[in-house]
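Chemist: So the sequence lines, in the order shown, correspond to chains A and B.
Throughout the first sequence, residue numbering follows this note's numbering, covering 1049 to 1282 in sequence.
Throughout the second sequence, residue numbering follows this note's numbering, covering 1049 to 1282 in sequence.
From the three backbone atoms N, C-alpha and C, an ideal C-beta is built for every residue, glycine too.
Number of protein chains: 2
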Amino acid sequence: MNNKRLLIIDDDRELTELLTEYLGGEGFEVECCHDGISGLSRAYDKGIDLILLDVMMPELNGFEVLKALGGNHQTPVLMLTAKGDDTDRVLGLELGADDYLAKPFHHRELLARIKAILRRIDIIRDNHEPVALVKVNEVELNHATRQVCCHGQPLELTGTEYQILTYLMEHHGTIVSKETLSELVLGRKLSPFDRSIDMHVSNIRRKLLPASDQDKIKTIRGAGYIFLSGESLT
Amino acid sequence: MNNKRLLIIDDDRELTELLTEYLGGEGFEVECCHDGISGLSRAYDKGIDLILLDVMMPELNGFEVLKALGGNHQTPVLMLTAKGDDTDRVLGLELGADDYLAKPFHHRELLARIKAILRRIDIIRDNHEPVALVKVNEVELNHATRQVCCHGQPLELTGTEYQILTYLMEHHGTIVSKETLSELVLGRKLSPFDRSIDMHVSNIRRKLLPASDQDKIKTIRGAGYIFLSGESLT
DNA sequence: CCGCCTTTTACATAACCTTTACACTGGCTT
DNA sequence: AAGCCAGTGTAAAGGTTATGTAAAAGGCGG
């Protein structure tokens, strides 16, 4: 199947056995190297999805392995260290590690971080499109065609209106400020008397309302707008 | 559109300009406030991903901003300070800061820490935490929607009322003076005949009471108000 | 130059905040 | 105990600001 493959580089054999068993039970293929040199040579394997790299090792330590791998290696790296030292953390991250975990750690935290990294990588790899179809509270966005349906009825939005509506819907149920919308959609800071966002929202409302029972965008005075999730209302 | 948004609160304009340029070049949306009060009001924006907060500022210093934000605000905070003082560091972290950096710092280190915090937050977000909720004595605050529930019954507060109630609830069981409320919420010193705070509290009470069994805000004559914790009372 | 989209302008309106006024309270003095 | 008075509760009035929206102006690609 498409089980993810992990490479653990750590000289602590007790720990690697524990991790192998635990992570194996969580559905990963686990492989171990117990020194920097052999770890480095295995690290180039494209089949490896993630590397757990211990900092403290004889011969070649974790930082040196990281450096040797180079800044733009393909496989993500999660650093493990005995020290809770901030310097180490910064150094590791600057050398291109994707995350950092201080020993001793909880199994569950390690797992969470591994999953988070892999998820991020997956998203980056197939960033063709995050979600093609969004549907909230009877309003549907089709990113492929950029078409909008409200209660099944299609309608036309301009580019900016579409972007604003998308952002509001992706954050439905939470307040979105005009500052945010202005910077992310219009690409400029919101100046004191800029009414563009208001206008766009007004236009979106005007287009949504005929097909809808009530206003799906709620104004929070002084704070921004909320796209209503559809259940609780006020 | 996926850029992370940073809010810098620092009265040193030279520094903020430098940081804006540098961090902007690293792909962040940067916004600056040069005093605690305006920073505080911007800090509630859900669109902000991380706050860089200077400790040393006139009027309202970084610790006070942090305190006012409350212990369970959703946006991570990185504290900046001129002192290399450990006391400051501990205090900041206790007040809910996520990291701490002493000035002067290398911009690369700042960047590494920013990235580290954002990554950590992403992991936490992915794993749990549906909404940031505050609940004391049967009164619930939902910061994402600025909605308030009293004994399960939803009600509408204005922005100022919401801020005052938030502050009182975050300091429930302790006296909060009108001076404090005026400075933090209204952004001005309390003048002798200013009755605004009284009015707002009165309005909050009027809105809370119908859904509640008793008055949850107690007046301490000559001192201020207390939001009752719910158990022991006087 | 035309048409579509965005931004600005302008004004009406609604929501909100502050002030004013007066009633009431509790503590203090006499 | 009565009276005084600063502090408080709150209704109502007044003033301010944010928002909704129509219409005009500006931009931009054809």
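1. Consider the Cβ of A/Glu1231: report whether some Cβ of chain B lies at a distance smaller than 7 Å.
2. Can you check whether the C-beta of B/Lys1183 is within less than 7 Å of a C-beta belonging to chain A?
3. What is the rounded straight-line gap between the Cα of A/Ile1162 and the Cα of B/Thr1228?
4. Hey, does B/Lys1094 have any beta-carbon neighbour from chain A nearer than 7 Å?
5. Under 9 Å between beta-carbons, which chain A residues line up against B/Ala1116? List them in chain order, please.
6. Taking DSSP as the reference, what is the three-state secondary structure of A/Ile1096?
7. Would DSSP call A/Ile1265 helix, strand or coil?
8. Give the residues of chain A in contact with B/Glu1077, contact being defined as C-beta atoms less than 7 Å apart.
9. Determine the DSSP secondary structure at B/Val1249, reduced to helix, strand or coil.
10. Looking only at C-alpha atoms, which of A/Ile1245, A/Ile1085, A/Thr1123, A/Pro1202 sits nearest to A/Tyr1215?
11. Alpha carbon to alpha carbon, what distance is there between A/Arg1061 and B/Arg1053?
12. Once the 5 residues before and after A/Gly1140 are set aside, which same chain residues still bring their CB inside 8 Å of it?
13. Could you give the distance in angstroms between the alpha-carbon of B/Cys1197 and the alpha-carbon of B/Asn1190?
14. Measure the Cβ-Cβ separation of B/Glu1184 and B/His1219 and say whether it is below 7 Å.
15. For A/Ile1223, would you say it is in contact with chain B, using Cβ-to-Cβ distances shorter than 7 Å as the test?
16. Just reading off the beta strand (DSSP E) that B/Glu1188 is part of, what are its end residues?
17. To the nearest angstrom, report how far apart A/Lys1237 and A/Leu1101 are at their CA atoms.
18. Verify whether the separation of the beta carbon atoms of B/Val1224 and B/Gly1272 is less than 7 Å.
19. Rank A/Pro1152, A/Ser1230, A/Ser1260, A/Arg1243 by C-alpha distance to the C-alpha of A/Leu1203 and give the top, closest one.
20. Straight-line CA distance for A/Leu1071 to A/Ile1096?
21. Check for me: the alpha helix (DSSP H) holding B/Leu1257 runs from which residue to which?
22. Just checking: is the beta-carbon of B/Arg1254 within a distance shorter than 7 Å of some beta-carbon in chain A?
23. If you measure between the beta carbons of B/Glu1209 and B/Asn1251, is that distance less than 7 Å?
24. Short of 7 Å in beta carbon distance, which residues of its chain neighbour A/Glu1177, apart from the five on each side in sequence? Order them along the chain.
25. With 16 other CB atoms within 10 Å as the buried threshold, where does A/Leu1117 fall?
26. Drop a sphere of 10 angstroms on the beta-carbon of A/Asp1263, count the other beta-carbons inside from all chains shown, and report buried for 16 or more, exposed for fewer.
27. Examine chain A for any beta-carbon lying closer than 7 Å to the beta-carbon of B/Gly1207, and answer yes or no.
28. Helix, strand or coil for A/Gly1084 per DSSP?
29. Using 7 Å as the limit for Cβ to Cβ distance, is A/Glu1142 near chain B?
30. Roughly how many angstroms lie between the CA atoms of A/Ala1164 and B/Val1249, to the nearest whole one?
31. Between which two residues does the alpha helix (DSSP H) containing B/Gln1122 stretch?
32. Starting from the Cα of A/Asp1083, find the closest Cα among A/Leu1055, A/Leu1067, A/Glu1077 and give me that residue.
33. Taking its Cβ as the centre, do 16 or more other Cβ atoms sit within 10 Å of B/His1121, making it buried, or is it exposed?
34. With a threshold of 7 Å between beta carbons, is A/Thr1214 in contact with chain B?
35. From this set, B/Leu1143, B/Val1182, B/Leu1066, B/Glu1079, which residue's C-alpha is nearest B/Phe1004's C-alpha?
Modeler: To lay it out plainly:
1. Position 183 of the first sequence, counted from the first residue, corresponds to residue 1231 of chain A. Answer yes: the Cβ-Cβ gap between A/Glu1231 and chain B drops below 7 Å somewhere.
2. Residue 1183 of chain B sits at position 135 when you count from the first residue of the second sequence. Not closer than 7 Å to any Cβ of chain A, the Cβ of B/Lys1183 fails to qualify, so no.
3. Numbered from its first residue, the first sequence carries residue 1162 of chain A at position 114. Numbered from its first residue, the second sequence carries residue 1228 of chain B at position 180. Taking the Cα positions, A/Ile1162 is about 45 Å away from B/Thr1228.
4. In the second sequence, residue 1094 of chain B corresponds to position 46, counting from 1. Any Cβ of chain A closer than 7 Å to the Cβ of B/Lys1094 would place that residue at the interface, and such an atom is present.
5. As a position in the second sequence, residue 1116 of chain B is number 68, starting the count at 1. Taking the beta carbon of B/Ala1116 as reference, no residue of chain A falls within 9 Å; the closest one sits roughly 17 Å away.
6. Locating residue 1096 of chain A in the first sequence gives position 48, where the first residue counts as 1. When secondary structure is reduced to three states using DSSP, A/Ile1096 falls in the coil class, being assigned neither helix nor strand.
7. Sequence index remark: in the first sequence, residue 1265 of chain A carries index 217 (1-based). DSSP places A/Ile1265 in strand when its eight states are reduced to three.
8. As a position in the second sequence, residue 1077 of chain B is number 29, starting the count at 1. Under the 7 Å cutoff, chain A gives Glu1231.
9. Numbered from its first residue, the second sequence carries residue 1249 of chain B at position 201. Look at B/Val1249 here: in three-state DSSP terms it is helix.
10. Counting from 1 along the first sequence, the entry for residue 1215 of chain A is found at position 167. Of the candidates A/Ile1245, A/Ile1085, A/Thr1123, A/Pro1202, the one whose C-alpha sits nearest the C-alpha of A/Tyr1215 is A/Ile1245.
11. Here residue 1053 of chain B refers to the residue found at position 5 of the second sequence. Here residue 1061 of chain A refers to the residue found at position 13 of the first sequence. Using only the alpha carbons, I get a separation of about 43 Å.
12. Position 92 of the first sequence, counted from the start, is the residue given in the question as residue 1140 of chain A. Excluding positions up to five away in sequence, the list reads Val1103, Gly1110, Phe1111, Leu1114, Met1127, Thr1129, Tyr1148.
13. Here residue 1197 of chain B refers to the residue found at position 149 when the second sequence is read from its first residue. Here residue 1190 of chain B refers to the residue found at position 142 when the second sequence is read from its first residue. Between the alpha carbons of B/Cys1197 and B/Asn1190 lies a distance of about 8 Å.
14. The sequence position of residue 1184 of chain B within the second sequence is 136, counting from 1. The sequence position of residue 1219 of chain B within the second sequence is 171, counting from 1. Strictly speaking, residue 1184 of chain B in this sequence is Val, with Glu absent from that position. Cβ distance not < 7 Å, so B/Val1184 and B/His1219 don't count as in contact.
15. Position 175 of the first sequence, counting from 1, holds the residue named residue 1223 of chain A. Yes, A/Ile1223 counts as interfacial toward chain B.
16. In the second sequence, the residue the question calls residue 1188 of chain B occupies position 140. 1187-1190 is the span of the beta strand (DSSP E), which, as asked, contains B/Glu1188.
17. Counted from its first residue, the first sequence places residue 1237 of chain A at position 189. Counted from its first residue, the first sequence places residue 1101 of chain A at position 53. In this structure, the straight-line span from the alpha carbon of A/Lys1237 to that of A/Leu1101 is close to 42 Å.
18. By 1-based counting over the second sequence, the position of residue 1224 of chain B is 176. By 1-based counting over the second sequence, the position of residue 1272 of chain B is 224. Between B/Val1224 and B/Gly1272, the CB-CB gap stays under 7 Å.
19. Counting from 1 along the first sequence, the entry for residue 1203 of chain A is found at position 155. It is A/Ser1260.
20. On the first sequence, position 23 is the one that residue 1071 of chain A refers to. On the first sequence, position 48 is the one that residue 1096 of chain A refers to. Spanning the two alpha carbons is a distance of roughly 15 Å.
21. Walking along the second sequence from the start, residue 1257 of chain B turns up at place 209. Where B/Leu1257 is concerned, there is no enclosing alpha helix (DSSP H), given that its DSSP letter is neither H nor E.
22. The residue you call residue 1254 of chain B lines up with position 206 of the second sequence. Chain A places no beta carbon closer than 7 Å to that of B/Arg1254, leaving this residue out of the contacts.
23. Within the second sequence, the letter at position 161 stands for residue 1209 of chain B. Within the second sequence, the letter at position 203 stands for residue 1251 of chain B. When the beta-carbon positions are compared, B/Glu1209 and B/Asn1251 come within less than 7 Å of each other.
24. On the first sequence, position 129 is the one that residue 1177 of chain A refers to. Low local confidence applies: a pLDDT of 49 at A/Glu1177 is under 50, so the model's placement there is unreliable, and no value is given.
25. The residue given as residue 1117 of chain A occupies position 69 in the first sequence. With 16 or more other Cβ atoms within 10 Å, it is buried.
26. As a working note, residue 1263 of chain A is residue 215 in the first sequence. It counts as exposed.
27. Here residue 1207 of chain B corresponds to residue number 159 of the second sequence, with the count starting at 1. Answer yes: the Cβ-Cβ gap between B/Gly1207 and chain A drops below 7 Å somewhere.
28. Start at 1 with the first residue of the first sequence, and residue 1084 of chain A comes out as number 36. Three-state result, A/Gly1084: helix.
29. Stepping through the first sequence from its first residue, residue 1142 of chain A is reached at position 94. Interface residue, yes.
30. Here residue 1164 of chain A corresponds to residue number 116 of the first sequence, with the count starting at 1. Here residue 1249 of chain B corresponds to residue number 201 of the second sequence, with the count starting at 1. Roughly 44 Å between the two C-alpha positions.
31. What you label residue 1122 of chain B is simply residue 74 of the second sequence in a count that begins at 1. Note, B/Gln1122: premise wrong, no alpha helix (DSSP H); not H, not E.
32. Your numbering for residue 1083 of chain A matches position 35 in the first sequence. From the listed residues A/Leu1055, A/Leu1067, A/Glu1077, the smallest Cα separation to A/Asp1083 is found for A/Leu1055.
33. On the second sequence, residue 1121 of chain B is found 73 positions in, with the first residue counted as 1. It counts as buried.
34. As a working note, residue 1214 of chain A is residue 166 in the first sequence. By this cut-off, A/Thr1214 is not an interface position.
35. Residue 1004 of chain B cannot be examined here, being either before or after the span of chain B that is shown, 1049 to 1282.
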